[in-house]
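Written below as structure tokens is the structure these notes are about.
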Amino acid sequence: MTSAIGRQTETDRGHTAAGFDVLAVRSDFPILQTTVNGKPLIYLDSAATAQTPSAVIDAVVRYYNNDNANIHRGVHTLSVRATNMYESARAKAAALIGAKRPEEMIFVRSATEAINLVAQTYARDHIKPGDEVLVSEMEHHSNIVPWQLLCEQTGAVLRVAPMNDAGELRLDEYEHLLGARTKIVAVTQVSNALGTINPICDITRMAHEHGACVVVDGAQAVPHIKVDVCELDADFYAFSSHKFFGPTGVGMLYGKFDLLNSMSPYQGGGEMIRSVTFEKTTYNDVPHKFEAGTPNIAGGVGLGAAIDYVNGLGIEAIVAYEDDLLDYATQALLATPKVTLVGTAAQKAGVLSFNVDGVHPHDVGTMLDQDGIAIRTGHHCAQPVMDHFGIPATCRASLAFYNTRAEIDALVVSLRKVQEVFA
Ligand code: PMP
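To convert, count from 1 in the sequence shown and add 5; that's this note's numbering.
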């Protein structure tokens with residue numbers, strides 16, 4: 006087996022010297038040492054699910070070996086230990102995104118569930134027929150469909166803020182769409198299909214001037230840029246553990262404390278109550294009010310370990326490294342004949358969507374897989390983005406801090422092979 010660690014260019018070595026030791030980082034990820042179809046794995050699908058370092062895998066195994074018990078309910082040692090570990094992960098998640106207090110962080114199953122929770126609690130309580138929900142043209146389906154369901158349930162109207170052909174939101178149009186009827190503004194911080202970083206501070210300022218509540222989808226932002234929910238002034242902020250190098254099945258919803266405190270519960274069950282009688286049930290305090298039933302405890306512990314791992318690398322170092330790699334990859338794809346980039350915003354993170362002239366994205370993806378290269382092909386759960394560009398699908402190479410310039414070079418070589426086959 007050719008070790009993926011051996012795949013480095015002079016510039017990769019330069020980064021090692023400059024302080025971000027990508028080769029050492031790669032050795033933290035067991036899966037990056039494996040082969041696919043006899044080739045060293047080149048994983049360029051982190052926007053779908055990021056890979057998991059040993060530190061996270063070990064934390065989950067340690068938890069099951071030593072601490073496994075149900076949380077919040079037991080006086081016995083294991084239960085107390087599991088509770089402390091889970092609650093410590095909550096506190097780490099709060100610190101990660103600059104929340105003022107851990108109680109502002111609700112454990113959910115995923116970013117998708119976080120957005121659905123807001124739609125079915127805060128929004129459902131506040132929306133009346135004729136009110137408006139403003140989404141953008143570049144949202145992931147999970148930041149469109151929950152709002153469509155809400156509109157169907159309440160008689161509210163869905164409005165859509167457009168983007169330009171670079172894949173940037175048109176803020177002038179955004180402003181026009183905001184009005185007294187706008188109750189919810191739902192927007193992604195980073196587009197999963199295009200990589201665009203949206204100006205969330207401008208959007209929250211405009212939305213708040215009109216009295217709207219802002220729900221930010223941070224699924225693609227938290228792994229790539231420094232997030233501070235207070236600076237952004239987001240009312241709600243959602244992200245997923247599995248895109249942040251943690252386990253699947255866990256996500257976090259941030260909400261401003263007063264909003265959370267005033268909201269109806271989401272699901273009913275154990276843990277979210279203070280007392281239950283057949284006549285009247287009262288609810289637990291925030292955040293437990295929103296956490297019915299036994300959660301994914303090991304997943305939460307794993308997310309805590311992922312946060313520790315990323316903090317250990319340093320988000321500033323990650324951002325600098327990834328910016329450089331994105332730039333390198335963009336130039337490399339621009340220089341590859343018959344490859345067209347989709348999404349050329351001035352501010353981008355982590356994602357390269359592209360098409361190869363005359364070749365269906367699925368064929369590109371299948372051929373790259375033969376070379377051990379994992380990219381995603383399809384509409385990326387963002388069909389309105391595809392509609393904007395008049396295409397059914399794109400190829401998407403998405404980056405993380407463990408990718409290298411050598412891997413981008415290998416991608417380009419493989420793409421040239423695809424072109425030869427389909428010439
Ligand atoms: N929003 C964005 C921008 C995403 O990229 C994704 C996942 N592709 C989601 C939301 C949904 O995340 P999850 O599937 O983890 O709920």
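The C-beta atom is built at its ideal place from N, Cα and C for all residues, glycine as well. Note that this is a predicted model, so its numbers are computed, not measured.
Quick one: is residue i buried, meaning 16 or more other Cβ sit within 10 Å of its Cβ, or exposed?
i    : result
Q272 : exposed
Q225 : buried
C235 : exposed
K97  : buried
F283 : exposed
G363 : exposed
Y69  : exposed
A243 : buried
N42  : exposed
G135 : exposed
T299 : exposed
V426 : exposed
A428 : exposed
E321 : exposed
A334 : buried
P342 : exposed
H247 : buried
A104 : buried
Q56  : buried
G274 : exposed
H367 : exposed
D290 : exposed
R95  : buried
Output yes or no for whether 8 Å exceeds the beta carbon distance between residue i and residue j.
i    : j    : result
R410 : L330 : yes
G253 : T54  : This sequence places Thr at residue 253; Gly is not what is there. In contact: T253 and T54 (Cβ atoms closer than 8 Å).
L183 : H215 : yes
V113 : G348 : no
N197 : V356 : yes
L308 : G251 : yes
T201 : M110 : no
L37  : Y407 : yes
V4   : V85  : The structure shown does not extend to residue 4, since the chain is modelled only from 6 to 428, so the question has no answer here.
L49  : L339 : no
C400 : F359 : yes
A354 : E173 : no
In the DSSP assignment, find the unbroken alpha helix (DSSP H) run with residue i in it and report its ends.
i    : result
D414 : 410-427
K97  : 82-101
V356 : Per DSSP, V356 belongs to no alpha helix (DSSP H); it is in the beta strand (DSSP E), 356-361.
R67  : 59-67
I320 : 320-339
A29  : 27-32
Residue range of the beta strand (DSSP E) that residue i falls in?
i    : result
V291 : Element bounds for V291: n/a, residue is neither H nor E.
L346 : 344-347
V195 : No beta strand (DSSP E) contains V195, which DSSP labels as neither H nor E.
At what residue ranges does the segment 206-278 contain a whole run of the beta strand (DSSP E), taking only runs of 3 or more?
Fully enclosed beta strand (DSSP E) runs of 3 or longer: 218-222, 241-245, 256-260.
In chain order, what are the residue ranges of uninterrupted alpha helix (DSSP H) at least 4 long that sit wholly in the segment 351-402?
Every alpha helix (DSSP H) stretch that sits fully inside the segment 351-402 and reaches 4 residues is listed by chain position as 366-375, 388-394.
Go through the segment 98-179 residue by residue and report every complete run of the beta strand (DSSP E) that reaches 3 residues or more, in order.
Along the segment 98-179, the beta strand (DSSP E) occurs as fully enclosed runs of 3 or more residues at 110-113, 137-141, 162-166, listed in sequence order.
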